[in-house]
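Just so you know, we're using the working numbering here: the sequence shown kicks off at 183 and counts up by one.
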Amino acid sequence: MPKILESIVTTRGADDQTHIAPMGVHCLDRRLLLKPFRPSQTLENLQREGCAVVNRPDDIRVYAGCLTGRYEWPLTSAEIVPCQRLENCLSHAEVEVESFDDDPIRPTFTCKIVHETVHAPFQGYNRAQAAVIELAILVSRLGRLPDEKIRGEIEYLEIAIEKTAGEIELEAWNWLMERVHEHFAPKEAAS
C-alpha cells in the first residue's frame, strides 16, 4: 500500500500559466501516483504536458489558499521539467508521466521522478498545522461528504486550533472556514 503525502502539485497550463493545486500524492518506490479528480485543470495539464512538480511546503497557507482562490505564491523554474515550482518549499520532486489509467472519477498518472531536491529540513507540523491540512481536505470534498461528517470533523479539529495555532495557522483556518460557511449558508437559510 503506497503512503500518501499531502503536497502541492504545480503544472503548466496551455496558456503557460502555472496551476497550483493541493493533492494527496501516492508514493510507491521511485514512482509517484497523481490522482486528480475529474474535472480539473491539473488533469488537463498532466494529459497535455506530461510533467509536473510535487512541492512540499511547510507554509500551511498554501494548502488553504489553493482552496480559497489565493494562488499568488512565489514561483521559480524547475530544474528539468518545463514547469514552475514553489519558490518557498522544503523539497520538490520533478516528475514525468509514464502511464495513464483512465477512470470516470479519478484517473491515475504514474510518474517517474526525474529530479528531486531538499531545500530545508522538515521540522514537523504542530497539531494546528495538521488540523489545517485536514480541514483543507474536508473543504476539497464539500458536496461529496455528508454535512454531518464535515461538521463533526471540524468540531474535533477546532481543539487543535484552540490549543496550538499561531497567526499563520489561524489565517489559513479562517480562509477555509469562510468556504465552509459559504457551503452551509444556503442550507441554514432554508431551514
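Backbone N, C-alpha and C define an ideal beta-carbon position, used for all residues, glycine too.
Does the Cβ of F282 lie closer than 7 Å to at least one heavy atom of the ligand ZN? Judged by which ligands are present, the structure shown has none, so any question about the ligand ZN falls away.
Per DSSP, which one or two residues make a beta bridge with E188? As a first step, residue 188 is located in the sequence shown; it is residue number 6 there, counting from the start. Paired residue(s): G206.
Relative to the C-alpha of S259, which candidate in M205, V207, L358, L268 has its C-alpha closest? For the purposes of this step, residue 259 is taken as residue 77 along the sequence shown, with counting starting at 1. S259 has its Cα closest to that of L268, out of M205, V207, L358, L268.
Can you check DSSP and say which residues form a bridge with K294? Along the sequence shown, read from residue 1 onward, the residue named residue 294 stands at position 112. Looking at the DSSP assignment, K294 forms a beta bridge with R213, E278.
Taking the alpha carbon of L317 as the point to measure from, which residue in R326, G325, V279, L358 has its own alpha carbon closest? As a position in the sequence shown, residue 317 is number 135, starting the count at 1. For the residues R326, G325, V279, L358, the minimum Cα distance to L317 belongs to L358.
Roughly how many whole angstroms lie between the Cα atoms of I295 and K217? Start at 1 with the first residue of the sequence shown, and residue 295 comes out as number 113. Start at 1 with the first residue of the sequence shown, and residue 217 comes out as number 35. Each residue's Cα considered, the two are about 16 Å apart.
Please report the residue range of the alpha helix (DSSP H) in which V321 lies. Translated into positions along the sequence shown, residue 321 becomes position 139. V321 -> alpha helix (DSSP H) spans 309–322.
Buried or exposed, going by whether 16 or more other CB atoms sit within 10 Å of the CB of A354? Reading the sequence shown from its first residue, position 172 is the one you call residue 354. So A354 ends up on the buried side.
Quick check: the stretch 331–340 against the stretch 242–261, are at least 3 beta-carbon pairs closer than 8 Å? no
Whole angstroms is fine: what's the gap from R213's alpha carbon to C293's? Against the sequence shown, residue 213 aligns to sequence position 31. Against the sequence shown, residue 293 aligns to sequence position 111. Between R213 and C293, the C-alpha separation is close to 6 Å.
I'd like the list of long-range same chain contacts for T346, defined as Cβ closer than 7 Å, with 5 residues on each side in sequence excluded. Within the sequence shown, residue 346 is the residue found at index 164, counting from 1. Excluding residues within five positions, the ones whose Cβ falls inside 7 Å are N308, R309, A310.
Between S281, C265, T299, which lies nearest to H274 when the distance is taken from Cα to Cα? Counting from 1 along the sequence shown, the entry for residue 274 is found at position 92. If we check each option's Cα against that of H274, T299 comes out closest.
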